[in-house]
DNA sequence: TCCATATATCATGAATAATTGATATATTGG
DNA sequence: CCAATATATCAATTATTCATGATATATGGA
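Protein chains in written order, with the working numbering: chain A, 8 to 117; chain B, 8 to 117.
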């Protein structure tokens with residue numbers, strides 16, 4: 008993971024449609040969602056959603072699988088991990104006590 | 008934390024100078040860094056760094072304190088927490104087993 | 001093979017953002 | 001109060017990004 012990949016990922020997340028799409032895919036977990044269903048759910052046009060999913064794909068934040076005529080998209084948790092890890096690298100070096108609340112918040116009840 | 012704040016934060020992180028600056032401030036923890044020292048360290052001009060710090064400030068990712076003639080900047084861990092929490096909200100809903108590696112990576116050795 | 005469905009790509013115009021030189025503001029020391 | 005230092009703001013140019021309409025590609029069913 009380098010700075011170029013990471014800025015590309017954050018750029019992908021800096022647009023409301025893409026951020027919401029990824030959040031939905033994160034919630035959807037292993038089930039993912041069909042591109043068209045996501046467009047319908049979010050009430051955006053087909054080509055807009057396609058373009059936005061393509062940006063998320065290039066950024067390594069989602070992956071996809073063809074499923075008949077449709078294409079199913081999934082959050083790429085590995086990609087997410089890399090981006091967040093790069094950002095927070097050595098966060099404890101200067102102030103360990105600052106890190107715990109952040110971790111607690113990210114940490115979900117699984 | 009809403010989608011507007013979050014996209015603004017990610018937009019702030021989508022630019023190499025700002026991402027690096029925040030990473031340095033994250034590593035610096037409670038010591039933070041003076042704006043000028045950060046500009047020198049990163050070899051960017053004074054006004055460019057000032058503009059970029061201002062974007063990070065508006066995004067709630069850093070805070071600052073005047074210190075004599077200088078201004079000291081710090082990573083805002085509370086802001087970071089909010090952004091990451093919003094992104095990962097309900098990540099376990101669909102697939103709890105996917106979350107742990109991500110949390111492990113973020114979790115530092117403090 | 002032909003048609004319908006699902007998604008992707010292309011071209012374009014409108015809006016946003018980035019860097020830079022110049023200048024302004026704020027603080028300190030003399 | 002004046003000069004020096006540290007940072008912020010302004011104006012302008014250039015470069016990116018976005019949504020959109022139109023079109024292309026790919027798959028499945030008849």
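All C-beta atoms, glycine included, are put in the ideal place defined by N, C-alpha and C.
In this text the structure is predicted, and so the values were computed from the model without any measurement.
Distance, residue 98 of chain B Cα to residue 85 of chain A Cα:
13 angstroms
Determine whether the beta carbon atoms of residue 13 of chain B and residue 26 of chain A lie at a separation below 8 angstroms.
yes
Taking residue 70 of chain B as part of the beta strand (DSSP E), name the residues at either end of that continuous run.
69 to 74
With a threshold of 8 angstroms between beta carbons, is residue 12 of chain A in contact with chain B?
Not an interface residue.
In the region 30 to 59 of chain B, which residues sit with their C-beta less than 8 angstroms from some C-beta in chain A, listed in chain order?
30, 33, 34, 35, 36, 37 and 38
In angstroms with no decimal places, state the Cα-to-Cα distance between residue 36 of chain B and residue 53 of chain A.
Going by the C-alpha atoms only, they are around 44 angstroms apart.
Examine chain B for any beta-carbon lying closer than 8 angstroms to the beta-carbon of residue 21 of chain A, and answer yes or no.
yes
How about residue 82 of chain A and residue 69 of chain A: do their beta carbons lie closer than 8 angstroms?
yes
Straight-line Cα distance separating residue 95 of chain B from residue 78 of chain A
23 angstroms
Residue 66 of chain B - DSSP class collapsed to helix/strand/coil
coil
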